[in-house]
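When you read off a place in the sequence shown, starting at 1, and then add 311, the result is the number in our numbering.
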Amino acid sequence: MTFNKVSLPSVQLKSMCKSLRIGRYITENIDNLIEELCASQASPRESISTLLSEICQARDLNKQQMLLSMACLPNNASLDNFDFGASQVNEVMLRELAECRWVDEHRNIIFYGDPGLGKTHLACALGRQAILRGYSTFFISANKLLALLDKARNEHCLQDKLTKLCRNKLLIIDEVGYPITGDLSDAAALLYTLIDARYERLSTVITTNRSFDEWPKYLGGDVKCTKAIIDRFLHHSIRIPMTGESYRLRDFKNSVMASKRKNQ
Numbered sequence: 312m313t314f315n316k317v318s319l320p321s322v323q324l325k326s327m328c329k330s331l332r333i334g335r336y337i338t339e340n341i342d343n344l345i346e347e348l349c350a351s352q353a354s355p356r357e358s359i360s361t362l363l364s365e366i367c368q369a370r371d372l373n374k375q376q377m378l379l380s381m382a383c384l385p386n387n388a389s390l391d392n393f394d395f396g397a398s399q400v401n402e403v404m405l406r407e408l409a410e411c412r413w414v415d416e417h418r419n420i421i422f423y424g425d426p427g428l429g430k431t432h433l434a435c436a437l438g439r440q441a442i443l444r445g446y447s448t449f450f451i452s453a454n455k456l457l458a459l460l461d462k463a464r465n466e467h468c469l470q471d472k473l474t475k476l477c478r479n480k481l482l483i484i485d486e487v488g489y490p491i492t493g494d495l496s497d498a499a500a501l502l503y504t505l506i507d508a509r510y511e512r513l514s515t516v517i518t519t520n521r522s523f524d525e526w527p528k529y530l531g532g533d534v535k536c537t538k539a540i541i542d543r544f545l546h547h548s549i550r551i552p553m554t555g556e557s558y559r560l561r562d563f564k565n566s567v568m569a570s571k572r573k574n575q
C-alpha cells in the first residue's frame, strides 16, 4: 500500500475529525497535538500510536461522562470518601467489589441495616465504579421506581419501560421498604416483573432498612409475590449487613459538643 503525502489546513483537519466522530477534545486540539508530535521528533509509528491512544482516551472519557449523566446518582459518593473507620463494613471486600467482576457475573448486592449507616453512599460508590468501567448504570428510589412502573402500566407501555430499565447493566434501587406514596396495592407484582426480567441477566443493587419479613407490609401485602422477589434477588446475591451508629446522629452529637466547647 502506498500513500500520498498531504498536509491539510486546520479547518479541513477538524472537519475530517468531526466526520470520523473522533470527539470534541481531539477535534479542538488537533493542531496542538500535531505540533507536540513534530516538536518531539516522533517517528511515524510513535505519532500514529500517540494519536490513536489520545482518541481512545477521549472516547472513554466521553462515554464515562455520558454514563454518569444518565445514571442519576444523587451524590459524589466514593469508597475514598466513606468513613470505614466509623463503620463495621469490610473495606477489603468493598474494594474488591469495586472491581465490578460481580457485574460481569450478573450477581446482585443488597446493603441492609438501620438508617444513617451509609447504605446509599456505598451503593452509589459501586455505581460510580461500574460507570468508570463502562457499565451503564441507573439509580432510582424504590418509591419512584414503583410510581414509574405503575404509570407505564396505566399507559399500556409497561413492557417498554421494563425493556428500557433492562438496558442498564446495573440498576440501583434505593430504600426498599419506605412507605409507598399513593395507592399501590400490587406494588410487589410490579417490582417482581422488573426483578424477574433482570434475573440472571443483569445486576441489581438494593438498599433497605427493613428485614425481609417486613417487605410484604411495604409492598402492598402480597406475601407470595414478595417471597418470589426475594427468592430471585437473593439467588446470586452478595449480602452486606450494615451496623453501627448513624453518621447523621454522630455528626449531630459532634456539632453539639463543638458548640458547647465554643461557649465555654
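Beta carbons: idealized from backbone N, C-alpha and C, even for Gly.
{"query": "Minimum C-alpha distance to Ser-389 - residue among His-546, His-432, Ser-447, Tyr-336", "result": "His-432"}
{"query": "Per-residue burial, Leu-384 [other beta carbons within 10 Å of its own, 16 or more giving buried]", "result": "buried"}
{"query": "Integer Cβ distance of Leu-545 from Thr-515, believed to fall under 8 angstroms", "result": "No, Leu-545 and Thr-515 are not in contact; Cβ-Cβ is about 11 angstroms, not under 8 angstroms."}
{"query": "For Asn-340, the three-state DSSP class (helix, strand or coil)", "result": "helix"}
{"query": "Opposing strand residues paired with Asn-419 [DSSP bridges]", "result": "Ser-548"}
{"query": "Sheet register partners of Val-487 (DSSP bridge)", "result": "Thr-519"}
{"query": "First through last residue of the beta strand (DSSP E) which encompasses Ile-451", "result": "448-452"}
{"query": "For Gly-531 and Asp-497, believed in contact at Cβ under 8 angstroms, the rounded distance", "result": "6 angstroms"}
{"query": "Cutoff 7 angstroms; reference Leu-534; Cβ partners in own chain excluding five residues on either side", "result": "The question names Leu, but residue 534 is Val in the sequence shown. Cβ within range, chain order: Pro-527."}
{"query": "Residue interval of the alpha helix (DSSP H) (run including Ser-380)", "result": "355-382"}
{"query": "Pair within 7 angstroms by beta-carbon distance, Ile-484 and Leu-456", "result": "yes"}
{"query": "Where Gln-440 falls, given that 16 or more other Cβ within 10 Å makes a residue buried", "result": "buried"}
{"query": "Of the residues Ile-451, Tyr-446, Gln-323, the one placed nearest Val-414, counting alpha carbons only", "result": "Tyr-446"}
{"query": "Assumed close pair Ile-541, Phe-523 - CB separation to whole angstroms, cut-off 8 angstroms", "result": "5 angstroms"}
{"query": "Nearest neighbour of Ile-537, chosen from Leu-502, Arg-356, Cys-328 [CA to CA]", "result": "Just to set this straight, residue 537 is Thr in the shown sequence, not Ile. Thr-537 has its Cα closest to that of Leu-502, out of Leu-502, Arg-356, Cys-328."}
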